[in-house]
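A.B. asks: Pasting in a structure now, in structure tokens, and then I'll have a few things to ask.
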Amino acid sequence: MRAVETWRIVATALLAAAGLPLVLVVMAKVRDRVDSSAQVAIGGAVTLTTLVVVAVLTLTVLPGLLTWIVVAAVAGAFGVMMLAS
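Rendered as structure tokens:
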């Protein structure tokens, strides 16, 4: 079994640090647009599932450059959504 490189762990931690608040922001945006608890839950579940899948790919198979691009994109999306609030 191959050990996980340190940079992959750091990238995944940064992805989680930006991604988990992003899930909450997405849920709040859905709540603002529709008046349905089910839609809010679906939006949160889809966002969280996507985040988990990307985190697993980051830890295992994504190349370095693509990993950091994804981390930057998630952090940027979170920043833009917070500024747009």
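Using numbering that gives the first Met the number 0, the letters of the sequence shown correspond one by one to residues 0 to 84. By construction, the Cβ of each residue, glycine as well, lies at the ideal position given by its N, Cα and C atoms.
1) What number of angstroms, rounded off, separates the C-alpha of Val-60 from the C-alpha of Ala-83?
2) Is the Cβ-Cβ distance between Gln-38 and Val-45 less than 8 Å?
3) Please report the Cβ distance between Ala-10 and Thr-66, rounded to the nearest whole angstrom; I am assuming they are in contact, meaning their Cβ atoms lie under 8 Å.
4) If you compare alpha carbons, which of Ala-40, Val-70, Gly-43, Ile-41 is closest to Ala-54?
5) What is the rounded straight-line gap between the Cα of Ala-76 and the Cα of Glu-4?
C.D. replies: Walking through what the data contain:
1) Using only the alpha carbons, I get a separation of about 33 Å.
2) Between Gln-38 and Val-45, the C-beta spacing is not below 8 Å.
3) Ala-10 to Thr-66, Cβ: 5 Å. Contact.
4) Each of Ala-40, Val-70, Gly-43, Ile-41 was checked against the Cα of Ala-54, and the nearest Cα belongs to Val-70.
5) Looking at the two C-alpha atoms, the distance is approximately 26 Å.
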